[in-house]
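S.K.: A single structure is presented below for examination.
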Amino acid sequence: MAALTLRGVRKVFDKTEVLHGIDLDVEDGEFVVFVGPSGCGKSTLLRVISGLERIDGGELLIGADVVNDLSPRERGIAMVFQSYALYPHMSVFKNMAFGLKIDGLTGEQIKERIHAAAEKLQLDKLLDRKPGQLSGGQRQRVAIGRAIVRDPRVFLFDEPLSNLDAALRVQMRIEIARLQKSLETTTVYVTHDQVEAMTLADKIVVLNEGRVEQVGSPMDLYHRPANTFVAGFIGSPAMNLITCNVDSVDGPTSCLSVSDQTISGVPQTKLSVGHSVSLGIRPEHLSVSKGEGISFKGNLEAIERLGDVTFLYLILTDGSRVTVAEQGDRQLEIGESVQVYAELDKLHLFDDKGRALRA
Ligand SMILES: Nc1ncnc2c1ncn2[C@@H]1O[C@H](COP(=O)(O)OP(=O)(O)OP(=O)(O)O)[C@@H](O)[C@H]1O
Ligand SMILES: [Mg+2]
Numbered sequence: 118m119a120a121l122t123l124r125g126v127r128k129v130f131d132k133t134e135v136l137h138g139i140d141l142d143v144e145d146g147e148f149v150v151f152v153g154p155s156g157c158g159k160s161t162l163l164r165v166i167s168g169l170e171r172i173d174g175g176e177l178l179i180g181a182d183v184v185n186d187l188s189p190r191e192r193g194i195a196m197v198f199q200s201y202a203l204y205p206h207m208s209v210f211k212n213m214a215f216g217l218k219i220d221g222l223t224g225e226q227i228k229e230r231i232h233a234a235a236e237k238l239q240l241d242k243l244l245d246r247k248p249g250q251l252s253g254g255q256r257q258r259v260a261i262g263r264a265i266v267r268d269p270r271v272f273l274f275d276e277p278l279s280n281l282d283a284a285l286r287v288q289m290r291i292e293i294a295r296l297q298k299s300l301e302t303t304t305v306y307v308t309h310d311q312v313e314a315m316t317l318a319d320k321i322v323v324l325n326e327g328r329v330e331q332v333g334s335p336m337d338l339y340h341r342p343a344n345t346f347v348a349g350f351i352g353s354p355a356m357n358l359i360t361c362n363v364d365s366v367d368g369p370t371s372c373l374s375v376s377d378q379t380i381s382g383v384p385q386t387k388l389s390v391g392h393s394v395s396l397g398i399r400p401e402h403l404s405v406s407k408g409e410g411i412s413f414k415g416n417l418e419a420i421e422r423l424g425d426v427t428f429l430y431l432i433l434t435d436g437s438r439v440t441v442a443e444q445g446d447r448q449l450e451i452g453e454s455v456q457v458y459a460e461l462d463k464l465h466l467f468d469d470k471g472r473a474l475r476a
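Next comes the structure, spelled out in structure tokens:
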């Protein structure tokens with residue numbers, strides 16, 4: 118177990134810099150999740166931490182040690198990949214034992230560790246099987262077991278569940294959470310899955326084009342996104358971002374215009390008349406039921422009924438699109454003009470550079 122510190126970490130591939138000076142503190146025992154669009158550098162950053170890729174600038178510390186020039190093995194890191202990367206001709210036992218022999222453990226010590234890990238992962242009855250005789254979920258558990266038996270200082274996971282079907286993913290997600298809590302090993306986990314990120318992470322790191330956009334707890338990022346990128350990335354369906362003009366400011370409230378409508382009573386003291394802002398409202402915070410707060414209307418372009426929730430896709434006269442997530446089933450007609458409402462404390466405002474404006 119150890120803390121992980123990144124200071125100005127840079128990575129260059131063929132003269133193209135893909136990580137532009139990443140600063141990050143991961144505390145001892147913390148579960149950190151990297152999210153971001155495809156190609157933003159999540160896997161590269163993980164591989165740089167693991168030692169599979171060389172660092173081209175900055176410093177990486179595990180505990181108090183600078184490990185820039187150490188091999189993956191010397192760093193005390195174990196990594197689990199999306200592809201599992203098991204040896205097909207070896208039994209589960211041998212797959213898990215493989216790294217340990219190189220580490221110089223005795224036969225007895227190896228057996229002890231493997232049986233302890235196998236019990237934790239419900240692999241005890243499968244130790245003699247070959248990977249080809251296992252289900253996808255069982256294979257992934259072997260890959261995780263192989264990482265656990267190394268007793269690493271840091272666990273790294275790169276989209277470990279993305280090859281599994283939906284039901285198995287939920288099951289494995291819960292197992293990984295439980296396992297990490299019991300082992301208390303510092304963990305960095307890459308995923309595309311919003312639910313995995315929100316449920317597993319102590320801390321989420323949102324990456325974009327090789328830079329950190331925001332670091333925070335899942336609820337921090339959901340309730341207080343620092344900019345429109347994070348606002349649009351965290352949460353599903355994505356937060357609505359409606360471009361508005363500031364028409365008037367009257368003390369603590371302001372009046373915004375969007376296409377041919379006026380939205381009055383928006384609480385904000387830092388707005389200047391004539392400026393362009395983005396009004397952010399999450400779909401789940403908009404409702405067709407009349408309520409306190411702000412209100413505007415749009416034309417119903419499409420409707421999706423999922424039983425527990427109904428998604429309404431509205432278009433405003435200027436072409437802005439707005440998604441509404443209503444609880445339950447809603448009987449509305451395509452083409453109808455729909456008035457929607459949002460409470461004041463659920464509104465987000467961003468300046469013309471996309472930075473959050475806070476009252
Ligand atoms: N070995 C390499 N040589 C050259 N460029 C690379 C190499 N590996 C990655 N890149 C580039 O670095 C950038 C970051 O890639 P990376 O694999 O880290 O993205 P990612 O965030 O993990 O994406 P995904 O979500 O699709 O897995 C991309 O532009 C990619 O093309
Ligand atoms: Mg990747």
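Position one of the sequence shown corresponds to residue 118 (my numbering), numbered consecutively onward.
Note that CB positions come from ideal geometry on N, CA and C, so glycine has one too.
On a predicted model such as this, the values are computed, not experimentally measured, just so you know.
1. Secondary structure at Y204, three-state DSSP: helix, strand or coil?
2. Mark I194 as exposed unless 16 or more other C-beta atoms lie within 10 angstroms of its C-beta, in which case mark it buried.
3. On the DSSP bridge list, what partners appear for H137?
4. Bridge partners for L307 per DSSP, in chain order?
5. With three or more C-beta pairs closer than 8 Å as the rule, is the stretch 158–172 touching the stretch 280–295?
6. Quick one: grab the DSSP three-state call for I420.
7. Please report the distance separating the alpha-carbon of G436 from that of G349.
8. Please classify Q331: does DSSP put it in a helix, a strand, or coil?
9. How is F467 classed by DSSP in three states: helix, strand or coil?
10. Measuring alpha carbon to alpha carbon, tell me which of I321, A119, C361, I359 ends up nearest M336.
11. Going by the C-beta, is S155 closer than 8 Å to any heavy atom of ligand 1?
12. If we call anything under 9 Å between Cβ atoms a contact, is F148 one with T304?
13. Of the residues I265, E301, L317, F274, which one's Cα is nearest the Cα of V287?
14. For F428, report the span of its alpha helix (DSSP H) as first-last.
15. Suppose the cutoff is 8 Å on Cβ atoms and the five residues either side in sequence are ignored; what does the same chain contact list for K211 look like?
16. As a quick check of your reading: which residues have a C-beta less than 7 Å from at least one non-hydrogen atom of ligand 2, in chain order?
17. Return the CA-CA distance between V143 and P269, expressed in angstroms with no decimal places.
18. Any idea what DSSP makes of V441, helix, strand or coil?
19. Between the alpha carbons of D469 and A234, how many angstroms are there, rounded?
20. Quick check for students: name the residue ranges of the beta strand (DSSP E) that lie wholly in the stretch 357–425, counting only runs of 3 or more.
21. Consult DSSP for G146 and reduce its assignment to one of helix, strand or coil.
22. By the three-class DSSP mapping on this structure, what secondary structure does K218 have?
23. Short of 7 Å in beta carbon distance, which residues of its chain neighbour F346, apart from the five on each side in sequence? Order them along the chain.
24. Should Y430 and L417 be called a contact, given that it needs their Cβ atoms to be closer than 9 Å?
25. Please classify K159 as buried or exposed, where buried requires at least 16 other C-beta atoms within 10 Å of its C-beta.
26. I need the straight-line Cα distance from Q239 to H232, nearest angstrom please.
27. Hey, is L449's beta-carbon within less than 9 Å of any beta-carbon in chain E?
28. Tell me where the beta strand (DSSP E) around S454 begins and ends.
M.R.: Quick look at the numbers:
1. The count along the sequence shown starts at 1 and reaches residue 204 at position 87. In the three-state reduction of the DSSP assignment, Y204 falls in the coil class.
2. Residue mapping note: residue 194 aligns to position 77 of the sequence shown, counting from 1. I194 is classed as buried because its beta carbon has at least 16 other beta carbons within 10 Å across all chains shown.
3. Sequence index remark: in the sequence shown, residue 137 carries index 20 (1-based). Answer is R127, bridged to H137.
4. As a working mapping, residue 307 is identified with position 190 in the sequence shown. The amino acid at residue 307 is misidentified as Leu; the sequence shows Val. Answer by DSSP bridge pairing, in chain order: F151, D275.
5. With a cut-off of 8 Å, the stretch 158–172 and the stretch 280–295 do not count as touching, because too few Cβ pairs lie within range.
6. Along the sequence shown, one-based indexing puts residue 420 at 303. Of the three classes helix, strand and coil, the one that applies to I420 here is strand, per DSSP.
7. Looking up residue 436 in the sequence shown gives position 319. Looking up residue 349 in the sequence shown gives position 232. It is roughly 18 Å from the alpha-carbon of G436 to the alpha-carbon of G349.
8. As a working mapping, residue 331 is identified with position 214 in the sequence shown. Note: Q331 maps to strand in three-state DSSP.
9. Counting from 1 along the sequence shown, the entry for residue 467 is found at position 350. Looking at F467 - three-state DSSP - the assignment turns out to be strand.
10. Translated into the one-based positions of the sequence shown, residue 336 becomes position 219. It is I321.
11. Against the sequence shown, residue 155 aligns to sequence position 38. Yes, ligand 1 has a heavy atom inside 8 Å of this Cβ.
12. By 1-based counting over the sequence shown, the position of residue 148 is 31. By 1-based counting over the sequence shown, the position of residue 304 is 187. Against a cut-off of 9 Å, the Cβ pair of T304 and F148 comes out as a contact.
13. Here residue 287 refers to the residue found at position 170 of the sequence shown. The option with the nearest alpha carbon to V287 is L317.
14. For the purposes of this step, residue 428 is identified with residue 311 of the sequence shown, where counting begins at 1. For F428, there is no enclosing alpha helix (DSSP H); the enclosing beta strand (DSSP E) covers residues 426–432.
15. As a working note, residue 211 is residue 94 in the sequence shown. Once the five neighbours on either side are set aside, the close Cβ partners of K211 are Y204.
16. Taken from the N-terminal end onward, the list reads K159, S160, D275, E276, V307.
17. Here residue 143 refers to the residue found at position 26 when the sequence shown is read from its first residue. Here residue 269 refers to the residue found at position 152 when the sequence shown is read from its first residue. The alpha-carbon separation between V143 and P269 amounts to approximately 15 Å.
18. Within the sequence shown, numbered from 1, the residue matching residue 441 stands at position 324. In this structure, V441 counts as strand in the three-state DSSP scheme.
19. Taking the first residue of the sequence shown as 1, we reach residue 469 at position 352. Taking the first residue of the sequence shown as 1, we reach residue 234 at position 117. So the alpha carbons of these two residues sit roughly 52 Å apart.
20. DSSP runs (the beta strand (DSSP E)) wholly in the stretch 357–425: 357–367, 370–375, 378–384, 393–398, 411–422.
21. Taking the first residue of the sequence shown as position 1, residue 146 is located at position 29. In the structure shown, the three-state DSSP call for G146 is coil.
22. The count along the sequence shown starts at 1 and reaches residue 218 at position 101. Of the three classes helix, strand and coil, the one that applies to K218 here is helix, per DSSP.
23. Here residue 346 refers to the residue found at position 229 when the sequence shown is read from its first residue. So the qualifying residues of the chain are N325, E330, G471.
24. Within the sequence shown, numbered from 1, the residue matching residue 430 stands at position 313. Within the sequence shown, numbered from 1, the residue matching residue 417 stands at position 300. In this structure, L417 lies closer than 9 Å to Y430 by Cβ.
25. Mapped onto the sequence shown, residue 159 falls at position 42. It is buried - the Cβ of K159 has at least 16 other Cβ atoms within 10 Å.
26. Position 122 of the sequence shown, counting from 1, holds the residue named residue 239. Position 115 of the sequence shown, counting from 1, holds the residue named residue 232. Here the C-alpha atom of Q239 lies approximately 10 Å from the C-alpha atom of H232.
27. Absent from the structure is chain E; it holds one protein chain and no more.
28. Taking the sequence shown and counting its residues from 1, the one referred to as residue 454 is at position 337. For S454, the enclosing beta strand (DSSP E) starts and ends at 454–459.
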